[in-house]
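Visitor:
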Amino acid sequence: MAEQLAAAERVFNALKRLRPNQRVIAVGICQVLTPLLKVSPDPRAEILGQAIDAVCARFDSKGRARKR
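Numbering (my numbering), first residue to last: 3 to 70.
1. Since residue 16 and residue 61 should fall inside the 8 Å C-beta cutoff, what is the C-beta to C-beta distance between them, to a whole number of angstroms?
2. Are residue 39 and residue 47 close, meaning C-beta to C-beta below 8 Å?
3. Where residue 30 and residue 11 are concerned, what is the direct C-alpha to C-alpha distance, given to the nearest angstrom?
4. How long is the line joining the alpha carbons of residue 45 and residue 4, rounded to whole angstroms?
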């Protein structure tokens with residue numbers, strides 16, 4: 003499980019560095035990764051899942067920034 007958490011942390015760091023035209027990939031990763039983190043017994047995984055949700059919530063399904 004520690005390896006999966008480390009992989010999730012690397013994905014999260016990669017999400018922060020994406021260019022605007024790559025945001026649609028971030029949304030897809032979020033949809034797959036977040037449910038896996040929620041079933042993890044490690045409490046850090048849930049926190050990381052929430053952080054990824056917060057990053058991905060800024061964009062719609064086409065990778066465009068949502069209007070506030």
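Glycine included, C-beta positions come from ideal geometry on N, C-alpha and C.
Guide: So, from the data block:
1. Not confirmed; about 15 Å, so no contact.
2. yes
3. 16 Å
4. 12 Å
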